[in-house]
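Engineer: Residue numbers (the working numbering), protein chains in the order written: chain A, 1 to 77; chain B, 1 to 122.
Cβ coordinates follow ideal geometry from the N, Cα and C atoms, glycine included.
These numbers were taken from a predicted model, which means no experiment stands behind them.
Handing you this structure, nothing more for now.
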Amino acid sequence: MATDTLRTLLEDAFPTAEELDVLDRTGGGDHFHVTVQSDRFDGLTLVDQHRLVYDALAEPLADGTIHELRITTRGTE
Amino acid sequence: MSELRDRIKEIIETEDVVLFMKGTPQWVMCGNSMRALETLRAAEAPITAVDVLPNPQIRQELSALSGWPTIPQVFVKGELIGGADIVQELALNGDLHEKLVEKLGDEYRKPGDERTLALNSG
């Protein structure tokens, strides 16, 4: 399942995440909402925070697994 | 660098607020593009919309320039502000207003000022 793939990729990228969630918004396996709270985001702009998530999900973004992605990021400070 | 990329770069650098979207403000083809558009409308920002759908190269060249893989993308005076999620979050916490004032001045509000730029393949 794509949801599990995304979760694994995010867990690898954000091993210290305090919150990590992947929601299949439509049940169709291609519209996702990911939420990550991690100290890696501390001090970064939202643009840079989202870039880190995009980097982690580069493959499913490029191969079309992800049709639509919503991202919520939070630091720990 | 392709002619198309030069044109996209020029638009980003010269327009006050650019929204690269799927569809046009009159015919929005994607939920995230709609969220970004509605947020900019609510902020009463002037909006220059560019539809990326007519030509897949537009999206390729745009993402190569911005390093941002998804659509929509919002720029204010050349600076990437983000996609729909970020623009919404910035609007909620007041930072979007602040950014518009910083980049465009106190008088940035132009409600209903929307135009669409068509990009032809270079």
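1) Please determine, among B:N120, B:R5, B:L96, B:P69, the residue with the shortest C-alpha to C-alpha distance to R109 (chain B).
2) Rounded to the nearest angstrom, what separates T73 (chain A) and I58 (chain B) at their Cα positions?
3) Could you check if Q88 (chain B) is buried or exposed, using at least 16 other CB atoms within 10 Å of its CB as the buried criterion?
4) What in chain A is Cβ-close to E89 (chain B), meaning under 7 Å?
5) With a 10 Å radius around its C-beta and 16 neighbouring C-beta atoms as the bar for buried, classify T39 (chain B) as buried or exposed.
6) Buried or exposed for L62 (chain B), please, with buried defined as at least 16 other CB atoms from any protein chain shown within 10 angstroms of its CB.
7) Quick check on DSSP: helix, strand or coil for D106 (chain B)?
8) For the segment 16–30 of chain A against the segment 46–54 of chain A, do three or more pairs of beta-carbon atoms, one drawn from each stretch, fall closer than 8 Å, so that the two count as touching?
9) Just to make sure I have the definition right: I need the residues of chain A whose C-beta is within less than 8 Å of the C-beta of G31 (chain B). Which are they?
10) Taking C-alpha atoms, which residue in A:P15, A:I71, A:G64 lies nearest to D48 (chain A)?
11) Starting from L6 (chain A) and walking both ways along the beta strand (DSSP E), at which residues does that stretch end?
12) Leaving aside the five residues before and after E13 (chain B) along the sequence, list all residues of the same chain whose C-beta is less than 6 Å from its C-beta, in chain order.
13) To which residues does DSSP link T24 (chain B) through a beta bridge?
14) Name the residues in the segment 60–92 of chain B whose C-beta lies less than 8 Å from a C-beta of chain A; which are they?
Structural biologist: In terms of the structure at hand:
1) Minimum Cα-Cα distance from R109 (chain B) among the listed residues B:N120, B:R5, B:L96, B:P69 corresponds to B:L96.
2) CA-CA distance, T73 (chain A) to I58 (chain B), rounds to 28 Å.
3) Buried.
4) What E89 (chain B) touches in chain A: L46.
5) T39 (chain B) counts as buried, since at least 16 other C-beta atoms from the protein chains shown sit within 10 angstroms of its C-beta.
6) By the Cβ-count criterion, L62 (chain B) is buried, with 16 or more other Cβ atoms from all chains shown falling within 10 Å of its own Cβ.
7) When DSSP states are grouped into helix, strand and coil, D106 (chain B) belongs to the coil group.
8) They do not touch, by the three-pair rule.
9) Per Cβ cutoff of 8 Å: E68.
10) Out of A:P15, A:I71, A:G64, A:I71 has the C-alpha closest to the C-alpha of D48 (chain A).
11) Unbroken run through L6 (chain A) is the alpha helix (DSSP H), 2–13; no beta strand (DSSP E).
12) Answer for E13 (chain B): G78, listed in chain order.
13) The partner list for T24 (chain B) (beta bridge, DSSP) reads B:W27.
14) From the segment 60–92 of chain B, only G67, W68, P69, T70, L80, I81, G82, G83, A84, D85, I86, E89, L90 have a Cβ closer than 8 Å to chain A.
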